[in-house]
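Counting from 1, position 523 in the sequence shown corresponds to residue 523 in the UniProt record's numbering; the numbering is continuous, with no gaps. Each residue gets a CB set at the ideal place from its N, CA and C atoms; glycine is no exception. Only one structure is covered here, and it is reproduced in the block below.
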Amino acid sequence: MLRELHIENIAVIERADIEPGPGLNVLTGETGAGKSIVIDSLQAVLGSRVSRELVRTGAPKASVSAAFSSERAELWLRERDLESAGRYDAENPDDSGVLIRRRISAEGKSSAWINGENATAAELRELGALLLDIHGQNDGRALLDEANHRAYLDSFGELEGELAAYREKYEAWRETKRELDRLDMNEREREFRLLELERTIQELEGARLSAGEEAALTERRELVRNSEKLTEALDAAYEALYGASPSATELAGEAEGWCRRAADMAAELGEAAGEISSALSELADAAERIRDFRASLDIDEGEYDALETRLAQLRRLEKRYATDEAGLIAELERARGEYDALKNSAERREELALELAKRQKTAYNASKLLSHKRGEAAKRLAGRVQAGLRELSMPGVSFETVLEPLEGEPGFDETGCDSVRFLMSANAGEKPGRISRIASGGELARIMLVLKDALTERSGPDTLVFDEIDEGVSGIAAQRVAEKLAHISRRKQVICVTHLPQIAAMADTHLHVEKRVERGRTYTAVVPLDRAGRIRELARLHGGDNITDTTLKSAEEQLDAASEFKREER
């Protein structure tokens with residue numbers, strides 16, 4: 001769960017320290033106060049794209065840090081040797097934790113750290129998927145895209161393993177088909193392609209490519225470029241060791257002799273004499289290495305130009321083929337393979353046709369097995385969503401998860417052999433239709449809430465974040481949504497931005513986002529509310545700034561009713 005969130009210089013928030021608790025955490029505040037900035041900050045610290053517009057005007061940088069406790073993230077951390085640095089609670093040093101920090105400069109550049117170690121945005125996203133599930137203000141619209149329905153179903157049915165096994169067979173079929181398609185080109189195209197491949201092979205073979213050559217040439221070029229300075233330095237070093245009078249070796253030999261004489265009078269100096277003798281041996285070795293390296297600097301006059309010419313040739317090829325040295329070598333092998341295949345296309349085509357038929361059957365059978373699993377999951381998901389929606393003041397709703405076979409050959413694609421579509425009817429007696437044509441904004445929000453409940457029941461991150469999941473919801477429906485959030489928060493930490501008093505009343509932790517203007521600057525603070533503060537905020541959510549004894553009394557009753565509901569739930 002999310003333990004701490006520190007925000008500094010993000011938009012209108014100069015500084016905020018937020019400590020969500022377990023259960024349901026609610027953020028309320030007037031429109032424009034900065035509630036969604038808290039969500040933006042969470043998204044930033046977990047790897048979303050950031051820009052300089054996120055940095056508070058006039059600030060040199062912005063930063064967000066978040067501390068989590070998460071068993072799901074422990075393996076990820078251990079694999080990267082990061083678990084020990086993430087202690088978030090000094091009073092409980094045995095608790096393993098995750099500490100993530102991200103900094104954004106005024107120029108829009110960002111840096112990130114996980115438990116004190118540098119991290120990429122991709123690593124933040126990978127780890128973030130284990131820590132948080134964020135439902136943004138527009139994420140309910142994802143339900144309108146039927147391409148997402150299959151992913152929801154597979155996640156609910158925990159079919160990731162079956163899908164991966166199917167895709168392995170699908171990719172084998174697709175690669176064989178691609179190779180066969182290349183051979184199925186007409187004769188004119190075949191001859192043209194052979195000429196292209198011949199030119200590629202001749203050019204790359206003529207370049208006499210070898211792995212590691214470019215790095216070796218670059219290193220040699222730098223040595224040649226600095227050969228005069230190197231020669232001067234090496235000559236001076238060798239002269240100091242052997243040529244000068246007295247030289248370093250002569251002085252060391254003289255020192256050894258004096259030490260040995262002294263050792264006759266003080267035995268403990270014998271060790272010093274031995275150390276000088278060892279040093280003399282090491283000086284001799286060093287001098288030999290200097291002499292040998294100096295000899296290698298007898299460079300031909302044209303060597304530098306030859307190195308430049310060869311490096312330029314390699315880099316022209318890399319630019320032409322848009323790859324590096326290793327890629328050029330791989331391209332040569334690929335071109336040779338394709339050339340040989342085209343030259344022997346008739347025989348190869350027959351082999352591939354047989355292989356394709358075999359792999360198509362294997363992939364199709366795997367897709368049918370996946371489809372069977374989806375069918376079982378679809379029935380469970382439809383029942384779960386329909387029951388959940390009826391609990392959210394949609395008594396006449398019907399919900400179906402429909403699987404339809406893909407049309408055309410081969411009857412499957414990378415997702416399997418099914419298209420998946422959610423259908424619903426909001427009213428009893430009406431035929432279910434596509435969600436995109438039937439569902440209102442409030443109904444979309446409720447469907448997504450029920451889906452999130454179903455998808456995260458047995459797995460998923462420990463923390464769910466909802467940014468205005470209550471869109472288009474009011475009255476009894478709002479009360480049911482509040483109860484559903486309270487129910488989910490029994491097994492997950494929930495953080496919810498809301499404008500509904502029904503949801504705010506259910507909170508275990510109520511955070512108020514308030515804005516003020518001082519000296520022409522806007523400041524936003526996030527303040528935890530006590531009971532009195534909560535009652536006043538609930539009254540404001542009900543009736544705006546016109547807070548009366550009546551609205552305060554009503555708010556207090558609502559808070560007490562919510563507390564009673566949660567006690568009964570637990």
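For residue i, count neighbouring C-beta atoms within 10 Å of its own C-beta (all shown protein chains included) and say buried if the count is 16 or more, exposed if not.
i                 : result
tryptophan 76     : buried
alanine 428       : exposed
leucine 131       : buried
glutamine 313     : exposed
phenylalanine 399 : buried
phenylalanine 293 : exposed
glycine 86        : Bear in mind that a pLDDT of 45 at glycine 86, under 50, signals an unreliable position, so the number given afterwards is only what the model happens to contain. When all chains shown are included, glycine 86 counts as buried.
histidine 135     : buried
asparagine 344    : exposed
threonine 498     : buried
leucine 464       : buried
glutamate 407     : exposed
leucine 2         : buried
leucine 251       : exposed
valine 12         : buried
aspartate 94      : In this prediction, aspartate 94 scores a pLDDT of 45, lower than 50, which makes its location untrustworthy; no coordinate-derived value is stated.
histidine 149     : buried
aspartate 89      : Because the pLDDT at aspartate 89 is just 49, under 50, the model does not fix this residue reliably, and the value given afterwards should be weighed accordingly. With fewer than 16 other Cβ atoms within 10 Å, it is exposed.
proline 461       : buried
glutamate 222     : exposed
threonine 309     : exposed
arginine 540      : buried
leucine 144       : exposed
glutamate 532     : The sequence given here places alanine at residue 532; glutamate does not occur at that position. Flag for alanine 532 reads exposed.
serine 51         : exposed
threonine 548     : exposed
valine 517        : exposed
Rounded to the nearest angstrom, how far is the Cβ of residue i from that of residue j, given a contact under 8 Å?
i              : j             : result
alanine 273    : alanine 263   : 6 Å
serine 63      : leucine 5     : With 8 Å as the limit, serine 63 and leucine 5 do not qualify as a contact, their Cβ atoms being about 12 Å apart.
alanine 378    : leucine 403   : 6 Å
aspartate 154  : glutamate 160 : 7 Å
isoleucine 538 : proline 501   : With the sequence shown as reference, residue 538 is identified as leucine, and isoleucine is not the correct amino acid for it. Contact flag correct, Cβ pair sits at about 5 Å.
leucine 241    : threonine 249 : 6 Å
arginine 348   : glycine 157   : About 41 Å separates the two Cβ atoms, so there is no contact after all.
alanine 555    : histidine 542 : 7 Å
isoleucine 10  : arginine 56   : 7 Å
Over what stretch of residues does the alpha helix (DSSP H) that includes residue i continue unbroken?
i              : result
tyrosine 523   : Premise fails: tyrosine 523 lies in the beta strand (DSSP E), 521–528, not in any alpha helix (DSSP H).
proline 501    : 501–505
asparagine 365 : 345–391
glutamate 301  : That residue, glutamate 301, is in no alpha helix (DSSP H); it is neither H nor E in DSSP.
valine 98      : Valine 98 -> not in any alpha helix (DSSP H); beta strand (DSSP E) instead, spanning 98–105.
arginine 125   : 121–131
isoleucine 13  : Here isoleucine 13 belongs to no alpha helix (DSSP H); instead the beta strand (DSSP E) covers 13–18.
aspartate 292  : 270–296
alanine 112    : Note, alanine 112: premise wrong, no alpha helix (DSSP H); beta strand (DSSP E) at 110–114.
glutamate 556  : 549–569
Using alpha carbons as the reference points, say which of the options lies closest to residue i.
i              : options                        : result
glutamate 117  : Arg320, Ile100, Ile476, Thr550 : Ile100
arginine 384   : Ala445, Leu511, Glu282, Leu455 : Leu455
valine 513     : Lys35, Arg3, Arg480            : Lys35
threonine 31   : Tyr339, Ala561, Asp545, Gly97  : Asp545
glutamate 213  : Arg491, Ala346, Arg315         : Arg315
glycine 302    : Ser247, Glu228, Val224, Arg359 : Val224
aspartate 560  : Arg570, Arg534, Ile495, Ser105 : Arg534
asparagine 115 : Val473, Arg141, Ser65, Leu143  : Ser65
arginine 208   : Leu280, Leu317, Cys259, Gly257 : Leu317
alanine 439    : Ala164, Arg80, Arg141, Asp467  : Arg141
glutamate 71   : Glu557, Ser459, Gly472         : Ser459
alanine 216    : Leu356, Arg491, Arg188, Leu307 : Leu307
Just curious, the beta strand (DSSP E) that residue i is in, first and last residue?
i             : result
arginine 458  : Neither: arginine 458 is in no beta strand (DSSP E) and is coded neither H nor E.
cysteine 496  : 493–497
alanine 67    : 61–68
glutamate 518 : 509–518
valine 420    : 418–425
serine 3      : The amino acid at residue 3 is misidentified as serine; the sequence shows arginine. First-last of the beta strand (DSSP E) with arginine 3: 2–10.
threonine 28  : 24–28
Check the Cβ-Cβ distances between residue i and every residue of chain C, and say whether any is below 8 Å.
i         : result
lysine 35 : The question asks about chain C, but that chain is absent: this structure has only one protein chain.
Requested in this report: Evaluate the contact criterion for the stretch 437–454 versus the stretch 480–492: three or more CB pairs, one atom per stretch, below 8 Å.
Outcome: yes
Query raised in the report: How about the stretch 386–399 and the stretch 185–201: do they share at least three Cβ pairs that are nearer than 8 Å?
Result: no
Requested in this report: Please confirm if the stretch 503–513 is in contact with the stretch 4–24, defined as three or more CB-CB distances below 8 Å between the two stretches.
Outcome: yes
Query raised in the report: Can you find at least 3 beta carbon pairs, one from the stretch 312–326 and one from the stretch 165–178, that sit closer than 8 Å?
Result: no
Query raised in the report: Taking contact to mean at least 3 C-beta pairs separated by less than 8 Å, is the stretch 194–214 in contact with the stretch 329–348?
Result: yes
Report task. Examine the Cβ distances between the stretch 110–127 and the stretch 35–52 and report whether three or more of them are shorter than 8 Å. Result -> yes
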